[in-house]
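Have a look at the structure below, then the notes.
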Amino acid sequence: MFSILQISNKAPFPANDGSSIAIYNMAKGLIGNHTKLHLLTINTKKHFKPDTGIPQDFKEKSQYTSVYKNTNTSLCGAFLNLFSDRSYFVSRFYFKEFKTKLIELLSQNTYDLIQLEGLFMGVYIDTIKKYSNAKIVLRAHNVEHFIWRRHIIHEKFNTKKIYLSLQNKRLKKFELEVMSKVDAIVPITKTDEDEFKKLGFKKPLFACITGVDVKEYQLKLEVVEKAKTIFYFGSMDWLPNQEAATWFLTHCWEDIHKAVPEAKFIIAGRGMPLEFFHITRPNVMIVENVENGKAFFQQHQIMVVPLWSGSGLRIKIIEGMAHGKAIVSTTIGAEGIIYTDKKNILIADSAAEFSQTVIALLKQDELRHNLEKNAADFARREFDNFEVVSKLVQFYKDLLHV
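All residue numbers for the sequence shown refer to the working numbering, where the first residue is 7 and numbers rise by one.
Written as structure tokens, this is what we have:
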């Protein structure tokens with residue numbers, strides 16, 4: 007049994023968004039594959055999750071430790087950052103209390119491997135190298151500067167765009183620095199693996215998708231499916247998700263509503279921006295706090311993912327397929343999933359195509375049912391968390407020559 011220290015910038019439980027699902031399921035998979043795990047996380051003010059809510063069994067097996075910090079952005083912090091050379095996206099995750107706890111764990115334990123959950127934990131690499139000889143692996147949830155580059159393209163030219171462009175230039179520089187310091191990278195998608203190669207990474211790479219407990223997802227609850235319902239479900243404090251929902255409303259919803267007047271569109275997710283509550287379009291509902299994600303998926307019929315920016319993997323698509331949902335996505339939205347268009351997902355990259363595809367699903371039950379069955383079958387074959395992480399563990403053993 008080898009020992010892993012997993013560090014992250016977000017508390018993983020409850021696993022109610024893409025990154026926390028990725029962190030939590032990875033930890034469960036590592037435990038299930040018989041590694042000795044320590045999980046050390048920043049518990050941020052923005053996404054605060056009390057330690058008391060974590061299942062005791064998971065807390066013990068992961069030797070879970072969290073350190074609280076308010077990492078929220080502010081105008082003052084953004085301004086002062088101009089006088090440094092590090093991206094504001096990154097610098098707010100580096101603070102004394104976490105560094106102290108990290109040093110404590112590194113001093114008291116011998117780790118074979120340290121897994122950084124996402125680029126932002128790369129701020130602690132120098133500390134790790136000072137106190138440990140462990141291999142350092144970046145589990146890259148995204149190619150971070152790609153997300154912002156895609157987002158900035160759609161920004162109007164103003165002070166905000168100039169500031170974000172500066173920050174993204176610094177972010178790319180930091181990403182390249184981290185790449186030079188780690189021993190391996192584990193991107194979540196093959197697409198991102200290719201991008202890291204293009205950026206010049208020559209060390210070991212292993213693409214490892216986020217797995218889920220597919221059997222648990224496919225257990226049916228006693229809920230009634232609502233006919234002619236379309237939904238967008240994601241963390242609404244993430245800019246690409248805001249852009250996606252707004253694009254669908256602006257470019258697709260009018261045509262869909264005209265074709266199927268009884269159809270309803272539900273936008274759901276935590277961190278809902280205030281302006282979404284002021285939407286007055288017909289048959290549009292806003293749900294900020296989804297109490298039971300499984301019930302929400304099972305209550306609604308057609309999932310839309312009209313994303314135009316971002317990188318990495320949309321874990322909500324993994325969840326949607328595991329739930330056996332009919333999904334319409336842009337190519338960017340479905341990046342990283344080895345799908346078959348028109349079999350287990352439908353891909354549409356223009357407003358007209360997206361609208362007509364959703365309308366077809368609303369009107370043709372057989373088309374929707376076939377897509378649902380194929381998505382569920384695909385999830386069972388490809389996304390089982392234990393199997394996904396077992397392949398990663400073998401990669402780690404090879405890296406460590408175990």
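Beta carbons: idealized from backbone N, C-alpha and C, even for Gly.
- With distances taken between CA atoms, Leu108 lies nearest to Tyr137 out of Ala340, Gly83, Tyr137.
- Remark: fewer than three beta-carbon pairs, one from each stretch, lie closer than 8 Å, so the region 329–338 and the region 256–272 are not flagged as touching.
- Residue burial annotation: Leu227 is exposed, with fewer than 16 other C-beta atoms found within 10 angstroms of its C-beta.
- Using a Cβ-Cβ distance cut-off of 8 Å, the region 174–193 and the region 124–132 are in contact, since at least three pairs of beta carbons, one from each stretch, lie closer than that value.
- Straight across, the Cα-Cα distance linking Pro193 with Gln121 is about 12 Å.
- In this structure, the alpha-carbon of Phe54 lies about 42 Å from that of Lys369.
- Boundaries of the beta strand (DSSP E) harbouring Ala274: 270–274, taken from the DSSP string.
- Going by C-alpha positions, Lys67 is about 28 Å away from Thr195.
- Judged by DSSP secondary structure, Ala190 falls within the beta strand (DSSP E) whose first and last residues are 190–193.
- Shown here, Met327 sits in a helix according to DSSP, grouped into three states.
- Around the beta carbon of Gln173, a 10 Å sphere encloses 16 or more other beta carbons of the protein chains shown; the residue is thus reported as buried.
- Our two residues, Gly240 and Phe271, have alpha carbons roughly 14 Å apart in a direct line.
- Within the region 257–313, the complete beta strand (DSSP E) segments at least 3 residues long are 270–274, 290–293, 308–311, listed from N- to C-terminus.
- Closest in alpha carbon position to Ser356, among Pro312, Gln307, Glu393, Lys34, is Pro312.
- About 6 Å separates the Cβ atoms of Ile10 and Leu36, confirming a contact at the 8 Å cut-off.
- In terms of Cβ geometry, Phe202 and Ile191 form a close pair [threshold 7 Å].
- Following the DSSP letters along the chain, one finds Ser72 inside the beta strand (DSSP E) bounded by residues 71–75.
- The Cβ atoms of Thr77 and Thr50 lie closer than 7 Å to each other.
- Contact check for Ile365 and Ala265: beta-carbon distance about 5 Å, within the 8 Å limit, so the pair qualifies.
- Sorting Lys141, Leu177, Met127, Thr165 by C-alpha distance to the C-alpha of Glu150 places Leu177 at the top.
- Exposure of Thr256 is indicated by the presence of fewer than 16 other C-beta atoms within 10 angstroms of its C-beta.
- Counting every other CB atom within 10 Å of its CB across the protein chains shown gives Met309 a total of 16 or more, marking it as buried.
- Contact check for Asn15 against Ile48 passes: the beta carbons are separated by less than 7 Å.
- Counting only runs of at least 3 residues, the region 326–392 fully encloses the following beta strand (DSSP E) elements, listed from N- to C-terminal order: 332–335.
- Around the beta carbon of His329, 16 or more other beta carbons sit within 10 angstroms, so the residue counts as buried.
- Selection Glu281, Gly342, Lys221 evaluated against Ile292 yields Glu281 as nearest (Cα-Cα).
- One alpha carbon belongs to Phe207, the other to His375, and they sit about 43 Å apart.
- Bounds of the alpha helix (DSSP H) holding Ser26 are 24–38.
- Met327 is not a Cβ neighbour of Ala250, given a cutoff of 7 Å.
- In this structure, the beta-carbon distance from Phe99 to Phe401 does not fall below 7 Å.
- Counting along the chain, Leu225 sits inside no beta strand (DSSP E), nor does DSSP assign it H or E at all.
- With a 10 Å radius around the Cβ and a threshold of 16 neighbouring Cβ atoms, Val220 comes out buried.
- Straight-line measurement puts the Cα of Lys397 at about 15 Å from the Cα of His407.
- Every alpha helix (DSSP H) of 4 residues or more that sits fully in the region 45–98 is shown, in chain order, as 62–67, 81–87, 94–97.
- Glu372 and Gly275 have their C-alpha atoms spaced approximately 29 Å apart.
- Nearest C-alpha to Ile142 among Tyr117, Ile351, Asn148: Tyr117.
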